[in-house]
Structure formats: structure tokens, C-alpha cells
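Chains as they are written, first to last, in this note's numbering: chain A, 477 to 610; chain B, 477 to 610.
A virtual CB, placed ideally from N, CA and C, is assigned to each residue, including glycine.
2 protein chains.
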Amino acid sequence: MRMTSQREIILEELRKLKSHPTADELYLVVKQRLPRISIATVYRNLEKMSEAGIIKKLEYSGRQKRFDAATHPHYHIHCIRCGRIADVKTIPGRRLNSMISDASGYEVIDDQVEFSGICPECRNRKNINQNTFS
Amino acid sequence: MRMTSQREIILEELRKLKSHPTADELYLVVKQRLPRISIATVYRNLEKMSEAGIIKKLEYSGRQKRFDAATHPHYHIHCIRCGRIADVKTIPGRRLNSMISDASGYEVIDDQVEFSGICPECRNRKNINQNTFS
DNA sequence: TCCTATTTGATAATGATTACTACTTTTAAA
DNA sequence: TTTAAAAGTAGTAATCATTATCAAATAGGA
């Protein structure tokens with residue numbers, strides 16, 4: 477895989493963001509530095525880099541795929557009030573995947589684990605300032 | 477919510493299927509009994525019934541939504557070879573959601589948990605008969 | 001430097017889902 | 001029971017995210 481400037485900058489900007497952006501959100505950011513870049517290039521490179529294991533593609537609920545520069549195993553949690561998607565720091569002591577492997581007979585290769593709920597901030601400020609992240 | 481014949485038959489046919497069908501797969505089945513039904517009716521009713529908690533919508537973005545008549549908490553596992561989506565019979569002893577709640581500070585309301593891997597059948601018959609379900 | 005497989009930008013095509021519209025059925029109030 | 005508002009339906013157009021296509025550009029080794 478050639479390291480083009482487009483690819484490099486897409487990766488750089490993704491690494492800066494903690495928000496697990498969609499392809500079009502990332503496109504807007506990258507466009508600041510490469511005004512002539514095409515949205516197709518962003519999609520293509522995100523796909524390639526996730527195939528290569530450099531980044532992780534998150535296929536969760538909602539219409540759009542999201543991308544994460546952090547590839548170490550961790551789960552995500554989605555606030556149904558404000559829309560933000562946060563990392564879950566702790567994962568179960570015994571790796572869940574091996575439990576699932578035992579229970580299902582499948583060879584578990586990957587997981588798409590997303591929880592939905594209400595974040596601490598939204599639980600505090602009830603009913604105000606909704607949807608600031610979504 | 478009125479129980480129309482369309483709605484009733486969609487629900488009946490969904491309950492018969494163990495395959496977690498997509499809206500269009502279910503449409504083909506329901507069409508056998510109601511030849512004049514519209515695909516839009518299938519989408520609309522699956523959405524309504526999942527809002528009402530009668531069925532469960534499985535959302536893994538980038539792919540088609542799937543629907544499950546079994547609403548009790550259970551996880552799914554997706555075979556990347558043949559495409560089938562199976563139930564995972566066992567779930568972790570202590571409910572995972574409460575662990576996640578503790579770890580994240582979120583009030584966990586729902587989860588979308590899907591594992592990917594290779595099913596026992598596909599592990600046996602290596603390289604032959606791929607994609608019979610996808 | 002030169003060659004060529006890879007990548008790019010621009011845009012068309014695709015495919016799943018949702019929106020819309022006019023018509024029908026149900027519900028419930030007068 | 002009329003009757004009119006509400007809910008639902010079939011058929012189809014529109015939408016939206018994503019992928020495919022293709023001519024032009026370019027990275028990076030020979």
C-alpha cells in the first residue's frame with residue numbers, strides 16, 4: 477500500500493479525533509488540509525486501512541459506518557440522548573470472545589459490540605441541551 | 477396499534493423463521509400469503525413492531541437490518557463464510573450490561589452485540605460450498 | 001529517468017430504506 | 001347508524017450512504 481499524502485492525512489486526522497467519525501465527517505476535516513480531495517478517496521482509504529488493520533471500522537446501529545484509529549480491543553457505548561459514542565475502558569475479565577466461542581462452536585474472529593444508554597452528562601442535565609453530538 | 481392482516485402475517489412468518497431475515501427476505505415469504513402486499517408495508521410494520529417491543533431490530537450498519545421475533549436477551553454470531561446469523565445460547569453469567577454500566581457510568585438500556593467468525597459447518601467443509609446463506 | 005501498478009478526483013450507479021400520495025379501513029363520537 | 005378523524009395500505013418516487021467506473025495522475029522501484 478503506497479503512502480500517499482491523502483492516506484497519510486486521513487489517518488492523521490482520524491487519530492486526532494476521539495469521536496469515531498463517519499466517512500463524511502472525516503472528509504470535512506481532511507478537506508481543510510486537502511481542498512481538492514474527493515469523498516470517494518476518503519471512503520476508499522478508510523476501507524483499505526481497516527482491511528490492513530491500521531484502523532477499525534465500526535459497523536453499528538444507525539445509517540453510517542464509523543471509524544476508529546484505536547485498534548486495541550475495546551467496546552463502545554452510544555448515548556441515545558446526545559448521540560456521542562464513547563469508549564468503554566474496561567472489558568470483561570475473561571475475554572468475552574472466548575466465552576462466545578465455547579458457547580457457539582464458532583471460531584470467533586471479531587466482534588461488533590455496542591451498548592446504548594444515557595451518558596452521565598445527560599443523566600445530570602435532564603431534558604436540556606439534547607442532541608449536541610448527534 | 478391495529479392488528480391488520482398484513483401485520484399479523486408478517487409477525488407469524490417472522491416467528492417461523494430462525495434466520496433473522498432482512499425486510500426483503502421476509503417480504504418474499506409474506507408475499508406467498510398476501511400477493512398484493514407492498515415492500516413498504518413490510519418495512520413500516522417491522523419498524524412499528526420493533527418500536528412496540530414485539531420484535532427486535534438488529535442493526536449492524538453497512539448491512540441490511542435484520543429482524544428477530546425472539547426478544548429475550550441473547551447475542552448473535554455471524555459466519556463470515558456462509559453468512560448465516562445464529563443465536564448464541566449462553567450469555568455471560570453476570571449480565572454484561574451491568575458490567576458495562578459500572579465501567580462507563582452510562583445507564584445501559586440496550587445492546588447490539590454481534591460476533592463474527594466461522595461456523596462449525598464451514599470449519600469442517602473447508603473451501604467448498606461457500607456463501608450458501610449470504 | 002522511466003515504467004507501470006496503484007491511486008486519485010469526479011461522477012454515475014447501486015441498493016436499502018424512507019417519504020409521499022391517494023385510497024381504504026377502522027374507530028368512535030354525534 | 002351516519003360521519004369524519006385516525007390509522008393503515010399499495011405503489012412508487014426520493015433519499016442517502018456507499019461503491020463502481022474511468023480517465024488522468026503519481027509513487028516508488030528498476
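Taking 8 Å as the CB threshold, A/T566 lines the interface with chain B. As far as DSSP is concerned, A/I486 takes part in no beta bridge. Looking from the CA of B/P497, the closest CA among B/P511, B/V518, B/Q482 and B/G581 belongs to B/V518.
Across the stretch 577 to 595 of chain A, CB contacts with chain B closer than 7 Å involve A579, S580, G581, Y582, E583, V584, I585, D586, D587, Q588, V589, E590, F591, S592, G593, I594 and C595, in sequence order along the chain. DSSP places B/A546 outside any beta strand (DSSP E), giving it a letter other than H or E. B/I553 is not a Cβ neighbour of A/Y551, given a cutoff of 8 Å.
Relative to B/E527, the option among B/S577, B/L493 and B/F543 whose CA is nearest is B/F543. Within chain B, the residues whose beta carbon sits less than 7 Å from that of A/R539 are S537, listed in sequence order. A direct Cα-Cα distance of roughly 17 Å separates A/R539 from A/L522. In the displayed model, A/Y536 falls within coil according to three-state DSSP, outside both helix and strand. Sequence-distant partners of B/V584 (beyond 5 residues in either direction) whose C-beta falls short of 6 Å from its own C-beta, in its chain, are N573, I576 and S577.
Per the coordinates, the alpha-carbon of A/A516 lies some 41 Å from the alpha-carbon of B/R491.
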